[in-house]
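Q: Which chain is which? The protein sequence lines are A and B, in order.
Going by my numbering, the residue at position 149 of the first sequence is 222; the numbering climbs one at a time, nothing skipped.
Going by my numbering, the residue at position 644 of the second sequence is 631; the numbering climbs one at a time, nothing skipped.
All residues carry an ideal CB built from backbone N, CA and C; glycine is no exception.
These figures come from a predicted structure and were not determined experimentally.
Have a look at the structure that comes next, please.
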Amino acid sequence: MALIQPDLTKELKKYGAFDFNACYNCGTCTSVCTLSTEDNSFPREMVRYSVLGLEDDLKSSLKPWLCYYCGQCTENCPQEASPGELMMSLRRWLTAKYDWTGLSGLFYKSWPLTVLGFILILAAELGFAARLHFHIDRIMYYGHYFEMFSILGVFTIILLPNIIRMWYFTILKRKIKAPIKAYYTAISDLVVHMFTQKRSLDCDDNQFRWFEHFILVIGYLSLLFTTVFLNWFETHNLFINILGYVESIVIFVVTFDFVNSRIKKNKEMNKFSQPSDWFFVIWLFLMGVTAFVVRLFIDLNLIETNSWAYLFHLMILGQWALIIVPFGKWTHFLYRSFGMYFAKIEELAK
Amino acid sequence: MKKKIGVYVCHCGGNISDYVDIEKVKDAVRDEADVFLVKNTLFACADSSQKMMEEDIKTQGLDAMVVASCSPKLHLNTFRGVAQRAGLNPYNYVQVNIREQDSWAHSDNPAGATEKAIQLVKAGIARAKESEALTSMKIATTNAVAVIGAGVGGMRTALGLADMGTEVYLIEKSFFVGGRTAQWGSVAPTNDRGDVLTAGLFNEIQKRSNIKLFTGAELIEKTGSVGNFDIKVKIHPRGFDGTATADDIQKAVKACPVSTTDEFNFGLTQRTAILTPQKGQYPQQPAIDKALCNQCGACQKINSAFQPASTNEEILTLHIGGFVANTGFDPYEPAKGEYGYGEIDNVITLPQLKRLIELNDNELVFKGKKVKKIAYIYCVGSRQDDDEGKNKYCSRYCCTSATHTGVTVKNKYKDILNYHFNRGIRTYGKAELIYGQASQQGDVFLQFTLDSIPQVERKHNKTYVKVKDILTAGKTIETDADLVVLVTGMVPRENVKLGHLLKIPEGRDHFFNEIHMKLKPVETVIDGVMIAGTSQAPKNILETLNSSMAAAAKVNSVLTKGELSLEPTLAKVNPGACTWCGKCAEACPFDAIVQVDNEGKMVAKVNESNCKGCGMCTPVCPTDAIDLDGFTNAQIGAMIDALAEL
Ligand SMILES: Cc1cc2nc3c(=O)[nH]c(=O)nc-3n(C[C@H](O)[C@H](O)[C@H](O)COP(=O)(O)OP(=O)(O)OC[C@H]3O[C@@H](n4cnc5c(N)ncnc54)[C@H](O)[C@@H]3O)c2cc1C
Ligand code: SF4
Ligand code: SF4
Ligand code: SF4
Ligand code: SF4
């Protein structure tokens, strides 16, 4: 038995969903969705749960993570109920539900709050730089430590507990009894999806979009590795140096294209951008550009006289690492991969 | 006995001749006694064939005619016309059906078909021999109609008739016209107001001098038949005569000590014994409810127009030509305990909600509590299971009205949540847009089947509705609700007396029954009596008015010529043989047989304007004293003899 909760229906609208209550349950969306299967059918079921506001059913569902937002459903819905956008909003809402700090929800619902967070980070950075008397070498030295500790901290304090919560809601609470072995067997799925997003190929006939995505993920992860572990900004190794340049170029070129298509709204998934979507692509773009500029200034020996370039890069980095990664759209990447992983485990448990 | 019979056997293109050997048939009957000529025709109904037959009748002096062709349903009147034009009595014409009943039915057996055709034609000849000339009776008719019931339907019928020049007596039982429509406020799909619709119709009626409106009136007696009915109408005293200011009326209502539930508001409010017209009810003059008035005189003390003691009942005698029954419907009244009705105090019906909306301007309040969540349960009293006495039909208006009401409450009051527990939404035609609107505004639709109907229960001081929702894969879904609204269907008004008086047959659903739902949608088997509106079946306003105008046109077309010819195929009694056993009178479904004194002897007599020629009476008479013209015992006997002769 489940109680209708109109407040939840209202709440979902704050995460970007709209008009989904116009759904008359024809099921067209489910039948056109190329990713929906007999065992895991969506999005109609998710639309229905959302219309009724069935919180427990929504919170324990992995289905929103199985959708790649090709927009077929929205294009075909006779009621213009935008099921695709609802699925997107459910992902945002789920992210907020998984997050034990509750900050994700606040940031999603209020962009001014996100901006405030950005400003606080800028202020902290400037304060810190002032204490170091804007001495660029020392700032860069601590900046590198900041990178390492923020990655470690965000992962252990925020992301890991959240993934455990996700597991609790979607596997444990639903009383799915999976043998330990399933957790090993499914790891290959986790890795493959995380790095290749192979599933989205089934969703979209646009192979180019998948390829861009793939390149971006690889570029982003390797730039992270290059800057944090190979210490790109201080390296004298020519190969590493060039690698860093290539990676940062890849990032800002691809993200430039993403921003562009969001502005043009040329795909269903781009039509209804939320602030969180904008922050994500723009900050990723800025990361690529600023990293590129910083290293260029280092190589041209301009950095001493242009320390603002590094400060700007560090600001973007801080905002990215402390807000967008743990509480923003970045987590979708993580939860989606784990969504796929848990779905596999569920399948193995049957 | 006819001596010069012409027989025509038709090929019907090849429809008959492909299977029946026409020459053989002609040869077989050529030598029958009294057959004067036998011919075949390619198409008997063709102009040239008709001309030939006319010529034959005139030049050869035929005294009877047989055409062996298609069904009499198709061409009986065609060939009767041939006979008439040639100076032969149409009832000396006999049609034999060798197409539907022979060639088509036995296309696999031509020899058998030919054999059967011969038999049938011989029987037809035998009947023609015994045929007699009959003349149909002409009766003068009165172009006046009694319209019973002055809801939207009755008022529209009256206007339609009046504009075609028919005199109308509009007879309304209650003291006000308007019927149910006056009660609804905003109505679907146009969003105009019910009371505005009834006001418009009433104004138009006021403008027509050939409509006489009687309120507080009922039909109490009827005699006669189509074209000429004599009726008696009883007019109950209104108990109010003259004028009073609105202020005086209000004071009188206050002064009246009687209190009872107000049926206009379906029991949501109380009223006194003084009935005051509500919005949309006319005339806008009060009346006294005699059944409740205790004659205390309090109202009269305020204004002498109130006359509680008045007893001057009036009986009017009117002469009319036909009736239209526009007596409307009642909302289904749920049984005590049906979805908690009568037991849980915030379970009400859709008609009640419609009134509640009219009574609440800014906030929707029920029993002192603000209403935020409304659960509607659909199909209450409609589409019930197969048990005896249940209503199996769909009431048509209610899906539309319930979704429309959902939209109305949401627009009129802020933050209302509507939950529609339905069995599949049937907002047909333009009303589909209302369903769309309701969905867009966030109304939630849940769907159930008859096997698992919603449960209404009271717990933690709240009323809950739960259902196995088909749209959520059969999951049990529950909600609390401040108001549970039973979307009740339509049932016919309790109208036993009228039904008996006019002899209108009822269907299995107890609504009045037309002859044929598609082909004769407003006529009843009683000539001159039409039905329209919701007396006939559940209908919305549009459908009510459509059928009302159809009934007006139909009854007018019968009466407007001023005379009516009756089929001469009537029963007649031979008083010499009749012993008045009464069996025929019992057998007659139309009350056409009466007992009369014939030279000191009690015998049966047929009232010709009531007799329909159905033939129920003739076989029951033990002395063969009653016979039916056109189907006499002699004719039928001769046919049987011909068929039995092999
Ligand atoms: C809750 C509800 C909401 C509705 N909403 C809508 C809507 O939004 N849109 C829409 O199109 N339709 C709506 N309808 C349907 C609409 O009410 C009917 O179609 C319409 O009232 C039918 O009119 P009628 O003249 O046939 O019958 P009625 O309105 O019932 O009128 C019949 C009249 O006949 C009189 N009468 C009965 N018996 C006798 C007798 N023996 N002698 C003399 N007089 C007699 C009665 O007193 C009454 O005045 C609704 C119905 C309900 C129950
Ligand atoms: S296609 Fe649209 S209306 Fe049909 S079930 Fe999906 S969301 Fe609902
Ligand atoms: S957006 Fe595409 S993948 Fe997602 S539910 Fe709709 S059709 Fe399926
Ligand atoms: S119109 Fe709708 S509510 Fe009324 S009986 Fe038919 S299906 Fe049921
Ligand atoms: S023929 Fe029929 S209607 Fe006429 S008197 Fe006999 S039973 Fe009655």
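(1) Taking just the CA atoms, how far does LEU316 (chain A) sit from GLN428 (chain B)?
(2) Can THR128 (chain B) and LYS11 (chain B) be called in contact, C-beta distance under 7 Å?
(3) Please return the same chain residues whose Cβ sits closer than 6 Å to the Cβ of GLY292 (chain A), not counting the five positions on each side in sequence.
(4) Once DSSP output is grouped into helix, strand and coil, what is the label at ARG445 (chain B)?
(5) Give a yes or no on contact between the region 596 to 616 of chain B and the region 557 to 564 of chain B, applying the rule of three or more CB pairs nearer than 8 Å.
(6) Could you tell me whether any Cβ in chain B is nearer than 7 Å to the Cβ of MET74 (chain A)?
(7) Kindly provide the chain-ordered list of residues whose Cβ lies closer than 7 Å to any non-hydrogen atom of ligand 3.
(8) What do you get for ARG495 (chain B), buried or exposed, if any count of 16 or more other CB atoms within 10 angstroms of its CB means buried?
(9) Please confirm whether ILE249 (chain A) has its beta-carbon closer than 7 Å to some beta-carbon of chain B.
(10) So with Cβ pairs under 7 Å, would you call LEU184 (chain B) a contact of chain A?
(11) Exposed or buried, ASP456 (chain B), counting other C-beta atoms within 10 Å across all chains shown (16 or more means buried)?
(12) Using only the heavy atoms of ligand 1, determine whether one of them is closer than 6 Å to the beta carbon of ARG143 (chain B).
(13) Is the beta carbon of VAL394 (chain B) within less than 6 Å of some heavy atom of ligand 4?
(14) Is the region 122 to 142 of chain B touching the region 535 to 550 of chain B, taking contact as three or more C-beta pairs under 8 Å?
(15) So which residues on chain B does TYR97 (chain A) lean against when the C-beta distance must stay under 7 Å?
(16) Relative to the alpha-carbon of LYS526 (chain B), which residue among B:SER552, B:GLN268, B:THR314, B:ARG86 has its alpha-carbon at the smallest distance?
(17) For the region 214 to 224 of chain A against the region 402 to 409 of chain A, do three or more pairs of beta-carbon atoms, one drawn from each stretch, fall closer than 8 Å, so that the two count as touching?
(18) Could you check where the alpha helix (DSSP H) with SER544 (chain B) kicks off and where it finishes?
(19) Can we say the region 357 to 374 of chain A touches the region 339 to 347 of chain A, given the rule of at least three CB pairs closer than 8 Å?
(20) Would you kindly work out how many angstroms separate the C-alpha atoms of LEU289 (chain A) and GLY144 (chain A), rounded to a whole number?
(21) Would you report the Cα separation of GLN268 (chain B) and LEU148 (chain B), rounded to the nearest angstrom?
(22) Beta-carbon of ASN310 (chain A) versus every beta-carbon of chain B: anything under 7 Å?
(23) Below 6 Å, is the gap between the Cβ of GLY100 (chain A) and the nearest heavy atom of ligand 2?
(24) So, at 6 Å on beta carbons, what are the nonlocal neighbours of SER223 (chain A) in its own chain, with the 5 sequence-adjacent residues on each side left out?
(25) Give the residues from the region 110 to 130 of chain A that approach chain B closer than 7 Å (Cβ to any Cβ), ordered along the chain.
(26) For the 8 Å Cβ check, are there 3 or more pairs between the region 439 to 456 of chain B and the region 327 to 340 of chain B?
(27) Is the beta carbon of GLU208 (chain B) closer than 7 Å to that of LYS219 (chain B)?
(28) According to DSSP, simplified to helix, strand and coil, what is PHE189 (chain B)?
(29) Got a sec: does ligand 2 put a non-hydrogen atom nearer than 6 Å to the Cβ of TYR97 (chain A)?
(30) Can you pull the chain A residues whose beta carbon is under 7 Å from the beta carbon of GLY429 (chain B), in chain order?
(31) Is the region 153 to 167 of chain B close to the region 505 to 519 of chain B, with three or more CB pairs under 8 Å?
(32) Please determine, among B:LEU529, B:VAL471, B:CYS(-1), the residue with the shortest C-alpha to C-alpha distance to VAL367 (chain B).
(33) Output, in chain order, the set of chain A residues within a Cβ distance shorter than 9 Å of ILE464 (chain B).
(34) Under 6 Å: does the beta carbon of VAL120 (chain A) sit that close to some heavy atom of ligand 2?
(35) Can you give the Cα-Cα distance for ASN84 (chain B) and SER90 (chain B), rounded to whole angstroms?
(36) I believe PHE365 (chain A) touches GLY401 (chain A) by the beta-carbon criterion, under 8 Å. Please report the beta-carbon distance rounded to the nearest angstrom.
A: Let's see:
(1) CA-to-CA, the gap between GLN428 (chain B) and LEU316 (chain A) works out to about 55 Å.
(2) Not in contact: THR128 (chain B) and LYS11 (chain B) (Cβ atoms no closer than 7 Å).
(3) Cβ-Cβ distances below 6 Å link GLY292 (chain A) to GLU320, VAL323, ILE324 in the same chain, with the five nearest sequence neighbours on each side left out; the list follows chain order.
(4) Three-state result, ARG445 (chain B): strand.
(5) With a cut-off of 8 Å on Cβ pairs, the region 596 to 616 of chain B is in contact with the region 557 to 564 of chain B, counting three or more such pairs.
(6) So yes, MET74 (chain A) belongs to the interface.
(7) Cβ atoms closer than 7 Å to ligand 3 belong to A:CYS102, A:VAL105, A:CYS106, A:THR107, A:LEU108, A:SER109, A:PHE115, A:PRO116, A:CYS140, A:TYR141, A:TYR142, A:CYS143, A:GLY144, A:GLN145, A:CYS146, A:THR147, A:PRO156, A:GLY157, A:MET160, A:CYS276.
(8) Classification of ARG495 (chain B): exposed, given that the 10 Å Cβ count is below 16.
(9) With its beta carbon at least 7 Å from every one in chain B, ILE249 (chain A) lies outside the interface.
(10) No, LEU184 (chain B) does not count as interfacial toward chain A.
(11) Flag for ASP456 (chain B) reads buried.
(12) Not so, every heavy atom of ligand 1 lies at least 6 Å from the Cβ.
(13) Every heavy atom of ligand 4 is 6 Å or more from the Cβ of VAL394 (chain B), so no.
(14) Taking 8 Å as the limit for Cβ pairs, the verdict is that the region 535 to 550 of chain B does touch the region 122 to 142 of chain B.
(15) Going along chain B in sequence order, the residues near TYR97 (chain A) (Cβ under 7 Å) are SER426.
(16) Ranking the options by Cα distance to LYS526 (chain B), first place goes to B:THR314.
(17) Contact fails: fewer than three Cβ-Cβ distances are below 8 Å.
(18) SER544 (chain B) -> alpha helix (DSSP H) spans 528 to 546.
(19) Counting Cβ pairs under 8 Å, fewer than three are found: no touch.
(20) Straight-line Cα distance between these residues: approximately 22 Å.
(21) Rounded to whole angstroms, the gap between the alpha carbons of GLN268 (chain B) and LEU148 (chain B) is 22 Å.
(22) Output row for ASN310 (chain A): interface = no.
(23) Within the cutoff, so yes.
(24) Answer for SER223 (chain A): ALA394, listed in chain order.
(25) If the cut-off is 7 Å between Cβ atoms, the region 110 to 130 of chain A has ARG121, VAL124, LEU125 near chain B.
(26) Yes, the region 439 to 456 of chain B is in contact with the region 327 to 340 of chain B.
(27) In contact: LYS219 (chain B) and GLU208 (chain B) (Cβ atoms closer than 7 Å).
(28) Correct three-state label for PHE189 (chain B): helix.
(29) Within the cutoff, so yes.
(30) Here the neighbours are ASN94.
(31) No, because fewer than three Cβ pairs between the region 153 to 167 of chain B and the region 505 to 519 of chain B fall closer than 8 Å, the two stretches do not touch.
(32) Answer by Cα proximity: B:VAL471.
(33) Below the 9 Å Cβ cutoff, chain A contributes MET74, ALA75, LEU76, ILE77, LEU125, LEU127 as neighbours of ILE464 (chain B), in chain order.
(34) Checking the Cβ of VAL120 (chain A) against ligand 2 gives yes.
(35) Straight-line spacing of the CA atoms in ASN84 (chain B) and SER90 (chain B) works out to 9 Å.
(36) At roughly 23 Å, the Cβ-Cβ gap does not stay under 8 Å, so PHE365 (chain A) and GLY401 (chain A) are not in contact.
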